[in-house]
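Engineer: One structure is given below, represented as structure tokens, and several questions about it will come after.
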Amino acid sequence: MSAGAIWIDGDLVPVADARISPLDNGFTVGDGVFESCTVVDGRPFALRRHLARLRRSAEVVGLEVPLSDEQLRAAALEVVAAGPARPAPEGAPLRLRITVTSGVGPGGSARGDAGPTVVVFCLPIAPRDEHAAVATVPWTRNERSAVVGAKTTSYAENAVALAEAVRRGAQEAVLANTQGDLCEGTGANVFVAVDGHLRTPPLSSGCLAGVTRELVLELVDVEVAPLPLLLLADADEAFLTSTTRGVQPIARVDDVVLAACPGPRTAEAAAALAALVAHDLDP
Ligand SMILES: Cc1ncc(COP(=O)(O)O)c(C=O)c1O
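Heads up: take any position in the sequence shown, counting from 1, add 58, and you land on our numbering.
Structure representation (structure tokens):
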């Protein structure tokens, strides 16, 4: 077991000594962006795509990422070498997280002039079930939000929706957008197959441009098109995608058990992603 360390604004510090200001806007108002990627064989998987999304997110919210991709990559490798910030068994799967906030602020939503805060650490990934039950929740994603498409640190909405799903015996919540179309989960994109035909919502639905979603779109035949949330329970098969779950088959939508789990299209996507990870760690 390794002691772990956290990288803060250029310094790698032991977890017990890691400090950011309580006045940081990332803490006070959730004004920040972040990325999570898995660590495979000591290397962050698909880091190039994750860094590109970090910059897109920062642009959407008007934040500056004060480091180059090379500097962020070097920080990531230092953190991975130092070990997870929470005790984990040797060889446990890890997630690397990079957070950039607007830094110390004056209080309220206004930004200060102290400059951004950048934090990098890795943590063990909690084991996931092989299949997921999902719960549709009554709250919506706003596809016209000021921060649509950005992976921001303001995840309270997701925390509330996920807690509701867990309360109902599910592992993930699925949200519609304001039009009633399927959007995404609290931490995952959603794919649905009807009559062997795979579909996923477009980015205009308000969903995050998931890196795993993007890879699956490149690997298998998928139609990107809006579909009503209500159709999810009518699917022959469906699956979630995310960095930490990869392709996770959906077994149940609310009280409806799907016909196949994993169905053939899910198995195809899972196999294609696994093959990619096995031969290319930065696709
Ligand atoms: C809201 C949301 N949608 C989708 C995803 C999936 O994205 P990725 O495949 O890049 O992990 C995430 C990832 O955590 C997320 O938070």
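Every residue, glycine too, gets a C-beta built ideally from N, C-alpha and C.
Values in this document were obtained by computation on a predicted structure and should not be read as measured data.
Does the beta-carbon of glutamate 148 have 16 or more other beta-carbons within 10 angstroms, so that it is buried, or is it exposed?
Structural biologist: It is exposed - the Cβ of glutamate 148 has fewer than 16 other Cβ atoms within 10 Å.
Engineer: Examine ligand 1 and report whether any of its heavy atoms sits within less than 7 Å of the Cβ of glycine 90.
Structural biologist: It does not: the Cβ of glycine 90 is nowhere closer than 7 Å to a heavy atom of ligand 1.
Engineer: The alpha helix (DSSP H) that contains threonine 302, what's its start and end?
Structural biologist: Looking at the DSSP string, threonine 302 is not in any alpha helix (DSSP H), and its letter there is neither H nor E.
Engineer: Find the nearest neighbour of alanine 219 within the set Arg199, Val282, Ala133 and Ser203, judged by alpha-carbon distance.
Structural biologist: Selected option, being the one with the closest Cα: Arg199.
Engineer: Identify the residues that DSSP records as bridge partners of threonine 94: which are they?
Structural biologist: Before going on, a small fix: residue 94 reads as serine here, not threonine. Answer by DSSP bridge pairing, in chain order: Arg155.
Engineer: If you reduce the DSSP assignment to three classes, tell me which class asparagine 83 lands in.
Structural biologist: Note: asparagine 83 maps to helix in three-state DSSP.
Engineer: Could you name each continuous alpha helix (DSSP H) segment of 4 residues or more that falls completely within the region 110-191, going from the start of the chain to the end?
Structural biologist: Whole alpha helix (DSSP H) segments, 4+ residues: 127-140.
Engineer: Any chance the CB of serine 212 is under 7 Å from a heavy atom of ligand 1?
Structural biologist: No, ligand 1 has no heavy atom inside 7 Å of this Cβ.
Engineer: Quick one: does the C-beta of cysteine 319 sit closer than 7 Å to a heavy atom of ligand 1?
Structural biologist: It does not: the Cβ of cysteine 319 is nowhere closer than 7 Å to a heavy atom of ligand 1.
Engineer: Using a threshold of 7 Å, is the CB atom of glycine 269 nearer than that to any non-hydrogen atom of ligand 1?
Structural biologist: What sits at residue 269 in the sequence shown is valine, not glycine. Indeed, a heavy atom of ligand 1 lies less than 7 Å from the Cβ.
Engineer: Just mark glycine 264 as buried or exposed, buried being the case when its beta carbon has 16 or more other beta carbons within 10 Å.
Structural biologist: With 16 or more other Cβ atoms within 10 Å, it is buried.
Engineer: Using a Cβ-Cβ cut-off of 7 Å (strictly less than) and excluding sequence neighbours within five positions of histidine 255, which residues of its own chain qualify?
Structural biologist: Excluding residues within five positions, the ones whose Cβ falls inside 7 Å are Glu281.
Engineer: Decide if methionine 59 is buried, meaning its Cβ has at least 16 other Cβ atoms within 10 Å, or exposed.
Structural biologist: Any reading at methionine 59 is ruled out, since the residue's pLDDT is 43, under 50, leaving its predicted position unreliable.
Engineer: Would you list the one or two residues that DSSP bridges to isoleucine 66?
Structural biologist: In the DSSP output, where bridge partners are listed per residue, isoleucine 66 has Asp69 and Val177.
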